[in-house]
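Sequential numbering of the sequence shown, starting at 57, is according to my numbering. No residue lacks a Cβ here, since even glycine has one placed at the ideal position from N, Cα and C. Everything below concerns the one structure shown next.
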Amino acid sequence: MILIIASRFDKSENNVVESLIKSATQTILESNERYEVVRVAGANEIPVTIQHYLTRYPEKFSVAIALGLIIKGDTDHYEMVRDSVTMGITHLSLQSETPIIQGVLACYNKEQAIERKFLGKEFAETALEMKHIQSL
């Protein structure tokens with residue numbers, strides 16, 4: 057089963073995260089795989105939530121997808137969240153030996169986010185490929 061952890065916070069005002077979820081889940085369903093979506097407040101909560109599910113249900117999930125959106129503002133907060141989420145996901149994936157697809161978009165503006173709103177399909181395709189590799 058594929059675990060999808062997605063943030064609710066979406067500063068794009070165009071439902072980018074919802075589009076990521078929709079395109080990812082559609083791709084997974086077309087492959088006859090199962091998935092579970094869990095929503096969290098923001099991108100920073102994604103790594104710890106993935107860790108919780110992988111620790112609590114070690115046999116249930118063979119791969120995870122992190123979906124979220126971080127848009128640069130006027131402060132350094134963007135860089136802090138972007139780096140924290142990316143390092144957390146990478147560390148957790150290596151530590152748990154579970155592939156975690158980094159689908160948290162880090163964009164400089166709303167227009168970039170909107171252009172990337174259907175990348176959920178690619179993130180799901182990567183997850184499916186990694187699930188296959190893990191089964192070898």
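Close beta carbons around residue i, own chain, < 8 Å, minus the five adjacent residues each side
i             : result
asparagine 70 : Lys166, Ala169, Ile170 and Lys173
serine 75     : Lys173, Phe174 and Gly176
8 Å Cβ cutoff met for residue i and residue j
i              : j            : result
valine 72      : leucine 125  : yes
alanine 180    : alanine 62   : no
isoleucine 199 : valine 104   : With the chain covering only 57 through 192, there is no way to say anything about residue 199.
asparagine 88  : valine 137   : no
leucine 148    : glutamine 82 : no
glycine 176    : lysine 78    : yes
Supposed close pair residue i, residue j - CB separation, criterion 8 Å
i              : j           : result
isoleucine 127 : lysine 67   : 5 Å
valine 160     : leucine 184 : Rounded, the Cβ-Cβ distance is 19 Å, inconsistent with contact.
Spatial neighbours of residue i in its chain, beta-carbon cut-off 6 Å, leaving aside the 5 residues before and after
i              : result
valine 119     : Ile58, Pro155, Ala183, Met186 and Lys187
arginine 90    : Met57
isoleucine 157 : Ile121, Phe179, Thr182 and Ala183
serine 152     : Leu110
One or two residues paired with residue i in a DSSP bridge
i             : result
isoleucine 60 : Val93 and Ile121
valine 73     : For valine 73, which the question treats as bridged, DSSP gives no partner whatsoever.
leucine 161   : Leu125
Inset, instruction - Would you mind listing the beta strand (DSSP E) stretches within the region 93–158 that are 3+ residues and don't spill past its ends, in chain order? - result: You should have 119–127.
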